[in-house]
Amino acid sequence: MLNNYRFTAPERFLRYVQVDTQSDPHSLTQPSTEKQKDLSVMLVRELKEIGVADAHLDEYGYVYATIPSTSAKKVPVICFCAHVDTAPDCSGTNVKPVVHKNYSGQDIVLPDDKSQVLRLEENPYLETQMGNDIITASGLTLLGSDDKAGVAEIMDLANYLVSNPGVPHGEIKILFTPDEEVGRGTVKADLGKLGAQFGYTLDGGERGNLEDETFSADGVKVVINGVSAHPGYAKDKMVNALKIAGQILGALPKDRLAPEATEGRRGFIHPVHIEGTAERATIEFIIRDFETPGLKKKEDFLRTLVEETVRVFPKASFEYQVSEQYRNMKEVLDQHPQVVAYAREAITRAGMEVRMESIRGGTDGSRLSFMGLPCPNIFTGMQAIHSKLEHISVQDMEKAVETLVHLVQVWEEKA
Ligand SMILES: [Zn+2]
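So for the sequence shown, this note's numbering puts the first residue at 2; every next one is plus one.
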């Protein structure tokens, strides 16, 4: 435990979730919604109140701040990063957080919609939360622990370090980003200005989790060129591109290589969009695998499947375009093993068992890693995210803060 420290993450969290910061995938502005800055402005003000003098918000909605070093050693500069926006999938307007004290396994009925019930048997992680205080929304909105838990925990780290100047650590950078949920969280991040060597996103789930892997990801676009003709006089002339597209989709494996048939470390080929006419049809796929060479194998497999389907129609042809989306951050993190090793050490020192996880998706951390800031993802406690049953415990949030306090000291010790 942190001797007699009164954690501020939970009370900050309860305030931050009441600010609507939903991002918008259809917006072309940066940030995608102006309201995200409402929280960012609040964070800058609170950082200054804590004593972090250089905290500021830029025009694109990013908050930058520095906690000066307390060590005489030359310690690498570490950044902690979290996103202020909440997911577009579920309302984030008028979030009313409710604290359910001393959880004992009972059903938690959300007050504003009694059909929303948080049940132990559907959320087995709650088994680890007996006696803890669980925060939920009121039933009409998401909670926003993704990622305001991460934001509140980093704010509490700042509060702890500034009020305990005897704790040795190097220079710490704080970065709060907008628009992570719409895939644009790092677009305008200025890493030169940030000036950190290594980073951590606070955007993970269960207590003790540490994520150092994401998918590698490509997109594939298949265009099928058929032959159009007046349907009344089409005999032996028309080749319908839509029907060929249907055959391609029908020929995809059903019990493997599909998101609905895979978990763990297995990747997939996933059609996400189709459009067209008899003359020309387009299918868009996403390809995912933890191994980048595995992407190529899946792309070759899909290409062969398309080729064989189209070959039956001599007058039809196809185009096949692969575009890179993002890469597994482990490729970068393996070159800097201390980043993950020190986080493991910090989680252990905070009294938890480390659980290494792979993210079946991408994160700001994977993008930051390839932009030059190696950046694994640390747990925050968030659960059932992007839903009305989203929840988090006060105690898990405090464990995350404790982990960060250890982590900055591990970096100082090893320098
Ligand atoms: Zn998140």
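Just so you know, even glycine gets a beta-carbon here, dropped at the ideal spot from N, CA and C.
In three-state terms, what does DSSP make of residue i?
i	result
Met357	strand
Gln248	helix
Lys400	helix
Ala218	strand
Thr305	helix
Phe8	coil
Asn160	helix
Ile68	strand
Asp290	strand
Val340	helix
Val273	strand
Phe314	coil
Leu29	coil
Thr417	The structure shown does not extend to residue 417, since the chain spans only 2 to 416, so no value can be given for it.
Glu285	strand
Val152	helix
Is the beta carbon of residue i less than 9 Å from the beta carbon of residue j?
i	j	result
Val118	Ile109	yes
Gly140	Lys174	no
Lys194	Tyr17	no
Thr67	Val45	no
Asp228	Val323	Reading the sequence as shown, one finds Val at residue 228 and not Asp. Contact: no.
Gly93	Glu128	no
Val78	Gly171	yes
Ile386	Gly206	yes
Ile14	Val85	The residue you asked about is not Ile; residue 14 is Phe in the sequence shown. No, the Cβ-Cβ distance between Phe14 and Val85 is not below 9 Å.
Thr404	Ala344	yes
Is it buried or exposed for residue i, if we count other Cβ within 10 angstroms and need 16 for buried?
i	result
Val273	exposed
Leu408	buried
Ala262	exposed
Thr87	buried
Gln423	Within the shown structure, residues of the chain are numbered from 2 to 416, placing residue 423 beyond reach of any answer.
Asn5	exposed
Asp148	buried
Leu374	buried
Met131	exposed
Gln23	buried
Tyr498	Only positions 2 to 416 of the chain appear in this structure, which leaves residue 498 out of reach.
Lys236	exposed
Asp180	buried
Just to confirm the assignment, what range does the alpha helix (DSSP H) spanning residue i have?
i	result
Tyr193	The displayed chain sequence assigns Gly, not Tyr, to residue 193. From DSSP, the alpha helix (DSSP H) with Gly193 extends over 192 to 195.
Lys331	331 to 334
Ile386	Premise fails: Ile386 is in no alpha helix (DSSP H) and is neither H nor E.
Val45	37 to 51
Arg368	365 to 371
So residue i is in the beta strand (DSSP E); what residue range does that whole segment cover?
i	result
Ile79	79 to 84
Gly200	199 to 205
Ser394	392 to 394
Leu176	173 to 178
Val18	No beta strand (DSSP E) contains Val18, which DSSP labels as neither H nor E.
Val99	99 to 101
| Who sits around ligand 1, taking every residue whose Cβ is closer than 5 Å to one of its heavy atoms? | In chain order, the hits are Asp147, Asp148, Asp204.
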